[in-house]
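S.K.: Protein chains in written order, with my numbering: chain A, 1 to 205; chain B, 1 to 205. Ideal Cβ positions, reconstructed from N, Cα and C, are used throughout, including at glycine. Predicted model, so just to flag it, every value in this text is computed and none were measured. Let me begin by handing over the structure; questions about it come next.
Laid out in structure tokens, this is it:
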């Protein structure tokens with residue numbers, strides 16, 4: 001299977017970590033984002049939104065979207081389980097994962113789109129007030145995560161799941177590229193970040 | 001099972017339609033949003049984000065988030081299937097559902113938060129430029145959906161799924177409350193809306 005990728009992009013990184021946790025080897029194909037290859041008609045056949053990542057199966061069928069790809073990989077290789085083992089645990093992991101995506105990742109995205117790097121690319125006119133509001137919501141969410149992670153080892157409970165993968169990819173991207181590194185006094189959040197970064201699946205990608 | 005609800009809110013509506021499609025009867029409990037009941041410490045125990053919907057099981061355990069609840073209900077009552085039957089179909093439905101959520105629902109949310117009704121509530125300072133940008137992205141997404149729905153009967157393929165439930169709840173809310181009704185010339189989108197509204201599961205909630 002091929003994964004259409006771009007080094008440093010947070011969404012393909014989610015899939016690469018997910019695959020590494022399951023010892024699934026994917027052939028990586030770098031998409032030339034600077035050359036707008038992801039908006040070419042050929043690529044839009046693979047990915048209707050013109051985004052990466054995309055998983056291309058050996059028979060040529062494609063799946064776009066990091067979490068859709070991750071669910072497919074979980075079906076192929078169920079262990080180690082990353083989406084939940086029974087109905088209630090699956091719902092709890094989905095709930096925590098959606099909090100991360102809808103309340104943290106979405107706000108980091110707004111801060112990124114309205115920040116200086118995207119402005120320099122000339123793709124959108126930055127809206128400073130939108131960036132300021134999202135920056136504040138991200139910092140508030142970091143506080144909430146710190147409180148929660150003082151009470152449990154991982155985002156969705158006592159074991160590593162998809163919620164941690166999305167969380168670490170989001171926070172690493174926010175820290176490196178969006179100027180939104182968690183404050184030093186958020187010690188439970190820092191301890192979780194260190195715990196997650198130590199995993200072999202993260203060190204290999 | 002109890003569902004903490006608010007009439008007209010799009011996210012509880014997703015769960016009510018999902019349950020109705022499966023003939024699952026939920027006891028509805030209206031949350032007093034105007035009185036900020038959803039931010040009370042007791043309610044935050046049920047819903048860490050202070051949002052509706054929340055499903056309370058008969059043993060008192062709670063699941064927040066519309067899609068987490070829907071996945072739980074799918075586990076309890078697998079038919080009619082709404083999330084996918086095999087690995088590839090499940091991934092395709094998830095992909096299309098995520099397009100709706102990340103590219104349409106999220107933008108409707110930004111237009112709503114920065115629109116006149118929320119401004120009147122005094123909860124946030126509206127950012128007009130953010131509303132304008134999101135309005136434009138919503139209209140562009142309606143065009144895309146219209147093109148796609150000229151080629152297939154439902155959002156994720158040839159049958160009704162969770163992607164249609166999220167799509168109709170989003171578009172009905174955008175039309176009624178955010179001033180973002182699809183243009184009349186989007187005939188394939190209009191035909192899909194009519195097809196979905198005719199379902200017994202939508203007429204009963």
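So, at 8 Å on beta carbons, what are the nonlocal neighbours of residue 197 of chain A in its own chain, with the 5 sequence-adjacent residues on each side left out?
M.R.: Cβ neighbours of residue 197 of chain A beyond the five flanking positions: 168, 203.
S.K.: Does the CB of residue 33 of chain A have a neighbour CB from chain B at under 9 Å?
M.R.: No - not a single Cβ of chain B is within 9 Å of the one on residue 33 of chain A.
S.K.: Would DSSP call residue 64 of chain A helix, strand or coil?
M.R.: Strand at residue 64 of chain A.
S.K.: Report the neighbours of residue 63 of chain A on chain B: residues whose CB is nearer than 8 Å to its CB, in chain order.
M.R.: 88, 91, 92, 95, listed in chain order.
S.K.: Closer than 6 Å by C-beta to residue 180 of chain B: which residues in its own chain qualify, once you throw out the five before and the five after it? Chain order, please.
M.R.: Result list for residue 180 of chain B: 138, 174, in chain order.
S.K.: Whole beta strand (DSSP E) runs in the region 47-126 of chain B with 3 or more residues, listed along the chain?
M.R.: DSSP runs (the beta strand (DSSP E)) wholly in the region 47-126 of chain B: 54-56, 62-64.
S.K.: Answer yes or no: do residue 65 of chain A and residue 94 of chain B have a C-beta to C-beta separation smaller than 9 Å?
M.R.: Yes, they are a contact pair.
S.K.: Report the neighbours of residue 79 of chain B on chain A: residues whose CB is nearer than 7 Å to its CB, in chain order.
M.R.: Simply none; closest approach about 15 Å.
S.K.: What separation, rounded to the nearest whole angstrom, lies between the Cα atoms of residue 101 of chain A and residue 32 of chain B?
M.R.: Cα-Cα distance, rounded: 26 Å.
S.K.: Compute the beta-carbon to beta-carbon distance between residue 156 of chain A and residue 97 of chain A, rounded to the nearest angstrom, for a pair I have assumed lies under 8 Å.
M.R.: Yes, residue 156 of chain A and residue 97 of chain A are in contact; Cβ-Cβ is about 7 Å, under 8 Å.
S.K.: Leaving out the 5 sequence neighbours to the left and right, which residues in its chain are closer than 7 Å to residue 21 of chain B when beta-carbon positions are compared?
M.R.: So the list reads 80, 82, 201, once near-sequence residues are dropped.
S.K.: Could you name the residues of chain A that residue 48 of chain B contacts, counting a contact when the two beta carbons are closer than 9 Å?
M.R.: Neighbours of residue 48 of chain B on chain A, chain order: 95, 96, 99, 144, 148.
S.K.: When you compare the CB of residue 24 of chain B with every CB in chain A, is at least one pair closer than 9 Å?
M.R.: Cβ-Cβ to chain A under 9 Å: no for residue 24 of chain B.
S.K.: Examine chain A for any beta-carbon lying closer than 9 Å to the beta-carbon of residue 124 of chain B, and answer yes or no.
M.R.: Closer than 9 Å: yes.
S.K.: Starting from residue 27 of chain B, trace the beta strand (DSSP E) in both directions and tell me its first and last residue.
M.R.: It spans 27-30 - the beta strand (DSSP E) in which residue 27 of chain B sits, taken as one unbroken run.
S.K.: Per DSSP, which residues does residue 4 of chain A bridge with? Please list them.
M.R.: Partner(s): A/29, A/54.
S.K.: Check whether the Cβ atoms of residue 30 of chain B and residue 10 of chain B sit closer than 9 Å, and answer yes or no.
M.R.: Result no, Cβ atoms of residue 30 of chain B and residue 10 of chain B do not sit closer than 9 Å.
S.K.: From the DSSP secondary-structure annotation, give me the bridge partner or partners of residue 157 of chain B.
M.R.: Per DSSP, B/154.
S.K.: What residues from chain A crowd round residue 71 of chain B, counting only those whose CB sits closer than 7 Å?
M.R.: Here the neighbours are 90, 91, 94.
S.K.: Taking DSSP as the reference, what is the three-state secondary structure of residue 34 of chain B?
M.R.: Reduced to three states, the DSSP call for residue 34 of chain B is coil.
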